[in-house]
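Everything on this sheet refers to the single structure shown next.
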Amino acid sequence: MSEKYDLKALKAALLKSDDHVIETQIFGAKAFIRRLKAAELQENEDGMKAAIDSGDMSKAAQLNVQLLLSCLMTPDGKRI
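Position 24 of the sequence shown, counted from 1, bears residue number 23 in numbering that gives the first Met the number 0, the numbering being contiguous throughout.
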């Protein structure tokens, strides 16, 4: 981690619109991702809590994968 931490850059990125797509590397492959909306995050969190409380670890695992997949986009900003 040789880059200097830039709080202003982080704040600016967090305040961009929900459909703002950034290019990044995931497992060595180029990927395009977006930030999730607060409602999407809350829905996932509620689902995770319900799955864990009921002991349904399979459902909890599915929700984790679904969360990651919901962030992936095409280069032009369309959901995959």
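Ideal placement from N, C-alpha and C gives every residue a C-beta, glycine not left out. Just so we're clear, the structure is a prediction, and the values are computed from it rather than from any experiment.
With a cut-off of 8 Å on the beta carbons, I'd call residue i and residue j a contact; round off their distance for me.
i	j	result
L71	I79	5 Å
D18	G76	6 Å
L68	G46	About 14 Å separates the two Cβ atoms, so there is no contact after all.
I51	A60	Actually they are not in contact, since the Cβ atoms of I51 and A60 sit about 11 Å apart, beyond 8 Å.
Who does residue i pair with in a DSSP beta bridge?
i	result
L71	I32
Under a CB-based cut-off of 8 Å, is residue i close to chain D?
i	result
K29	Going by chain labels, chain D is absent from the structure shown, which holds only one protein chain.
Give every residue of the same chain whose Cβ lies closer than 7 Å to the Cβ of residue i, excluding the five residues on either side of it in the sequence, and list them in chain order.
i	result
L35	S69, C70
Only counting the same chain, and skipping five residues up and downstream in sequence, which positions put a Cβ closer than 8 Å to that of residue i?
i	result
A30	E22, T23, Q24, L71
Fully enclosed by the stretch 21-52, which beta strand (DSSP E) runs are 3 residues long or longer? 28-33
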